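Heads up: the sequence lines are chains A and B, in that order. Mapping of the first sequence onto this note's numbering: position 54 corresponds to residue 37, and the numbering continues sequentially without gaps. Mapping of the second sequence onto this note's numbering: position 351 corresponds to residue 399, and the numbering continues sequentially without gaps. From the three backbone atoms N, C-alpha and C, an ideal C-beta is built for every residue, glycine too. Only a predicted model underlies this, so the values are computations on that prediction, with no experimental measurement involved. Working notes, beginning with the structure itself.
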Amino acid sequence: MKERLAELVSQACDGQLTPAEVLTATVPLSYLGVTSLAQMRLIDAVEREYEVEIDLGGDVAFLDSVAGLAGWLAERAPAAR
Amino acid sequence: MTALAAAFSGARSGDAPLTWGQRAIWEAIERTAPDDHYFNFGRIVQLGARPASVSGALWALARLVERHESLRTRIVDGRQALAAAGELTVVLGADPDALLAELTATAFDYAREWPLRVGLVTTGAEVTHIVLAFCHHAADGLGAEEAVRDLRLLLLRGEPRGSRPPQPLDIARWQSSPEGRRVAEEAAWHWEREHRRIPPTMFQLPSGAGESPPIWRAVLRSPAVDLAAQRIAVQHGTSTSNVLLTAVTALVAEMTGHETVAMLPIVSNRFRADTRGAVSTLSQEGLFVLDVEKVPFAELLALARPAALRAYRSAYHDPADRARVLAEVGEDRGTPVHPWCCFNDMRFADHAVYRDDALIRRALGESSLSWPMSQEQLNCRFCVHVSGTMEVSVTADTRWLSRADMERFLRGLEDRLVEAALR
């Protein structure tokens, strides 16, 4: 699933980061230039693909890494299991 | 002036309620009339090394209008009315800037006129520039970019991009579907919750320095703001847009004394797969709320990020829901609640590079301030626009913010950002 998420991140930032760069990132994605606007595209893509709803009212730090997203999805998304 | 015509014949006609974005801009237009030409804007498409023939340009324009239904949609009795076929008037001129100024000078006749005015600049038999003036219900800045890209492709290779773009008629239908209503209700909940706690408005004290006309715009051209915002963005892992939004919010708190500041960022609403690529007005105000009280700037930047995500999501809302919750909250609080304070980052790219001290310091000497505009009406009190690299303007109602304070705001923004960048 991490590979697929890395692809979605890469698409959301118009290819400014490759999936490989996303997967090997050691700092939060926002430090690599994933802007809030790209993050919104990522949220839309993840919600569509995994049929989940991301609540932006709480802690959204999980959006800042593929591992965070994968962990969040593993707990919630039927499509991710 | 000589005029030509581009005859178009699209696939369908139709009628639907306005999309949320169309309704939002339509309400702003109605509130700003008779100064509603304020919302007109344009693009000059320079053909450069590959000029077109006049007939080639007319052909491409007709195909463009056929492809993007928004460009043949008029507003009739508060609904969108899509026509299949018609003729677009195309004027000829000698100077692109003068032509654009002329084409955007007067308000559109929304019910009768096509929402796109076009001019061609020719040298001999060759078209060197195509000038497009958009009615704002047909496109916003990013929508216009989509149109320009397709126009260029039509001129270059005789066809636009492959896939059929989203159309306002279909967007309106989705928005009234159960799925659309679910999205709308979540957004309405954000507007309601925040309106119950924000100050009734941001600039609530009369300035005592109202001008005639009351609305003025001050523009600060400041390479230093650009460079400083980039450095801060890299240092804090955020975008220059967030840096600017946060800095503006912090300054509004200082100027007004509010501990909680509400700003209305203009949001593109092009995050979704079903809106991307549309020539339409999708941008709407989101609601950005930050508790600024005594929080250091670096911490504010961290708080601003999730707040911006919530604001962006709240921007895709039904203006009717927003009006309803605002009325309810106003009733409950015994006072109307509206920030009248907006932020519009009109740049298309947000790429930050770590800039060194000397460069930022040197740039400080290059700033210049001007007052390019004044007018009677504005449906806001305080609007910040960011464009190019780097123009920051504030358009304000001087009855609530004096011209001296407008200038102080812009200079303060520059000082604040440079100081934070060099810290």
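Check whether the Cβ atoms of D453 (chain B) and S255 (chain B) lie closer than 8 Å to each other.
As a first step, residue 453 (chain B) must be located in the second sequence, where it is residue number 405. As a first step, residue 255 (chain B) must be located in the second sequence, where it is residue number 207. Against a cut-off of 8 Å, the Cβ pair of S255 (chain B) and D453 (chain B) comes out as a contact.
For the 8 Å Cβ check, are there 3 or more pairs between the region 92 to 100 of chain B and the region 165 to 178 of chain B?
yes
If we ignore side chains and look at the alpha-carbon of each, how far apart do A220 (chain B) and R24 (chain A) end up?
For this step, residue 220 (chain B) is matched to residue 172 along the second sequence. For this step, residue 24 (chain A) is matched to residue 41 along the first sequence. Taking the straight line from one Cα to the other gives about 21 Å.
Contact between the region 65 to 73 of chain B and the region 115 to 133 of chain B is defined here as three or more beta-carbon pairs at a separation below 8 Å; is this criterion met?
yes
Assuming contact is defined by CB atoms lying nearer than 8 Å, are R122 (chain B) and Y86 (chain B) in contact in what I supplied?
As a position in the second sequence, residue 122 (chain B) is number 74, starting the count at 1. As a position in the second sequence, residue 86 (chain B) is number 38, starting the count at 1. No.
With which residues is M311 (chain B) paired in a DSSP beta bridge?
Indexing the second sequence from 1 puts residue 311 (chain B) at position 263. The partner list for M311 (chain B) (beta bridge, DSSP) reads B:F336.
Contacting residues, own chain, Cβ-Cβ under 8 Å from W239 (chain B) (five flanking each side not counted):
Numbered from its first residue, the second sequence carries residue 239 (chain B) at position 191. L335, S362, H365, D369, R370, V373 and L374, listed in sequence order.
Proximity of F45 (chain A) and L52 (chain A) at Cβ, strictly below 8 Å
Taking the first sequence and counting its residues from 1, the one referred to as residue 45 (chain A) is at position 62. Taking the first sequence and counting its residues from 1, the one referred to as residue 52 (chain A) is at position 69. Going by C-beta atoms, F45 (chain A) is nearer than 8 Å to L52 (chain A).
Report the residues of the region 11 to 32 of chain A with a CB closer than 8 Å to any CB of chain B, ordered along the chain.
P11, S13, Y14, G16, T18, S19, L20, Q22, M23, R24, I26, D27, A28 and R31
Within the same chain, show all residues whose beta-carbon is closer than 8 Å to that of Q71 (chain A), passing over the 5 residues directly before and after it, in chain order.
Nothing can be reported for residue 71 (chain A), as the shown portion of chain A is limited to -16 through 64.
Using a C-beta cutoff of 8 Å, does V43 (chain A) count as contacting chain B?
Numbered from 1 along the first sequence, position 60 holds the residue referred to as residue 43 (chain A). Interface flag for V43 (chain A) against chain B is set, since a Cβ pair is found closer than 8 Å.
Can the beta-carbon of E194 (chain B) be found less than 8 Å from the beta-carbon of F396 (chain B)?
Position 146 of the second sequence holds residue 194 (chain B). Position 348 of the second sequence holds residue 396 (chain B). Taking 8 Å as the Cβ cut-off, E194 (chain B) and F396 (chain B) do not qualify as a contacting pair.
Is L357 (chain B) close to chain A? Criterion is C-beta to C-beta, closer than 8 Å.
By one-based count along the second sequence, residue 357 (chain B) stands at place 309. Output row for L357 (chain B): interface = yes.
Round the Cβ separation of A301 (chain B) and V309 (chain B) to the nearest angstrom and send it over; I've been treating them as touching at under 8 Å.
Translated into positions along the second sequence, residue 301 (chain B) becomes position 253. Translated into positions along the second sequence, residue 309 (chain B) becomes position 261. Their Cβ separation, rounded to whole angstroms, is 5 Å, which keeps A301 (chain B) and V309 (chain B) in contact under 8 Å.
Could you tell me which residues DSSP puts in a beta bridge with Q70 (chain B)?
In the second sequence, counting from the first residue as 1, residue 70 (chain B) sits at position 22. According to DSSP, Q70 (chain B) bridges with nothing at all.
Distance check for V102 (chain B) and P387 (chain B), CA to CA, integer angstroms please.
Locating residue 387 (chain B) in the second sequence gives position 339, counting from the first residue. Locating residue 102 (chain B) in the second sequence gives position 54, counting from the first residue. Spanning the two alpha carbons is a distance of roughly 48 Å.
Using CA coordinates, which residue listed in B:W222, B:P247, B:P226 and B:W264 is at the minimum distance from P420 (chain B)?
Along the second sequence, read from residue 1 onward, the residue named residue 420 (chain B) stands at position 372. Among B:W222, B:P247, B:P226 and B:W264, the Cα nearest to that of P420 (chain B) is on B:W264.
Relative to the C-alpha of A173 (chain B), which candidate in B:T80, B:V466, B:A142 and B:A276 has its C-alpha closest?
Start at 1 with the first residue of the second sequence, and residue 173 (chain B) comes out as number 125. Closest option to A173 (chain B), Cα to Cα, is B:A142.
Residue closest to A133 (chain B), alpha-carbon to alpha-carbon, out of B:R60, B:A281, B:T294 and B:S224
Position 85 of the second sequence, counting from 1, holds the residue named residue 133 (chain B). The candidate whose alpha carbon is nearest that of A133 (chain B) is B:R60.
Which listed residue (B:A155, B:R165 and B:G90) has its alpha carbon closest to that of D145 (chain B):
One-based indexing of the second sequence puts residue 145 (chain B) at position 97. When each option's Cα is compared against that of D145 (chain B), the closest is B:G90.
Which residues of chain A have a Cβ atom closer than 8 Å to the Cβ of F336 (chain B), listed in chain order?
Position 288 of the second sequence, counted from the first residue, corresponds to residue 336 (chain B). Those do not exist, as F336 (chain B) stays about 11 Å from chain A at its closest Cβ, beyond 8 Å.
For N317 (chain B), which three-state DSSP category applies?
Position 269 of the second sequence holds residue 317 (chain B). N317 (chain B) falls in the coil class under three-state DSSP.
Taking 8 Å as the CB-CB cut-off, is D39 (chain A) touching chain B?
Counting from 1 along the first sequence, the entry for residue 39 (chain A) is found at position 56. Per the sequence shown, the amino acid found at residue 39 (chain A) is Leu instead of Asp. Output row for L39 (chain A): interface = yes.
By the three-class DSSP mapping on this structure, what secondary structure does W448 (chain B) have?
Residue numbering aside, residue 448 (chain B) sits at position 400 when the second sequence is read from its first letter. Residue state, collapsed to three classes: coil.
Give the secondary structure of E174 (chain B) by DSSP, where H, G and I count as helix, E and B as strand, and everything else as coil.
Within the second sequence, residue 174 (chain B) is the residue found at index 126, counting from 1. Strand at E174 (chain B).
Decide if E36 (chain A) is buried, meaning its Cβ has at least 16 other Cβ atoms within 10 Å, or exposed.
To locate residue 36 (chain A), count along the first sequence from 1; it is residue 53. So E36 (chain A) ends up on the exposed side.
Closer than 7 Å between beta carbons: that is the criterion. Which residues of the region 338 to 370 of chain B meet it against chain A?
R353, P354, A356, L357, R358, Y360 and R361
Along the region 317 to 330 of chain B, what residues have a CB closer than 7 Å to any CB found in chain A?
F319, R320 and A321
Using 10 angstroms around the beta-carbon of V401 (chain B), count the other beta-carbons present and answer buried if the total reaches 16, otherwise exposed.
Counting from one through the second sequence, the residue named residue 401 (chain B) turns up at place 353. Burial call: exposed.
Rounded to the nearest angstrom, how far is the Cβ of A272 (chain B) from that of I77 (chain B), given a contact under 8 Å?
Stepping through the second sequence from its first residue, residue 272 (chain B) is reached at position 224. Stepping through the second sequence from its first residue, residue 77 (chain B) is reached at position 29. Wrong, their Cβ atoms sit about 36 Å apart, outside the cutoff.
Can you have a look at Q22 (chain A) and say buried or exposed, based on whether 16 or more other CB atoms are within 10 angstroms of its CB?
As a position in the first sequence, residue 22 (chain A) is number 39, starting the count at 1. Buried: at least 16 other Cβ atoms inside 10 Å.
Under a three-way DSSP split, which group does Q94 (chain B) fall into?
As a first step, residue 94 (chain B) is located in the second sequence; it is residue number 46 there, counting from the start. If DSSP states are grouped into helix, strand and coil, Q94 (chain B) belongs with the strands.
Simplified DSSP state of I123 (chain B), which is helix, strand or coil
By 1-based counting over the second sequence, the position of residue 123 (chain B) is 75. Strand.
Going by beta-carbon coordinates alone, are F56 (chain B) and R120 (chain B) separated by less than 8 Å?
Taking the first residue of the second sequence as position 1, residue 56 (chain B) is located at position 8. Taking the first residue of the second sequence as position 1, residue 120 (chain B) is located at position 72. In this structure, R120 (chain B) lies closer than 8 Å to F56 (chain B) by Cβ.
For V113 (chain B), the first and last residue of its enclosing alpha helix (DSSP H):
Position 65 of the second sequence holds residue 113 (chain B). Looking at the DSSP string, the run of the alpha helix (DSSP H) that includes V113 (chain B) is V102 to R115.
In angstroms, rounded to a whole number, what distance separates the CA positions of A131 (chain B) and P65 (chain B)?
As a working note, residue 131 (chain B) is residue 83 in the second sequence. As a working note, residue 65 (chain B) is residue 17 in the second sequence. If you take the alpha carbons of A131 (chain B) and P65 (chain B), they lie about 15 Å apart.
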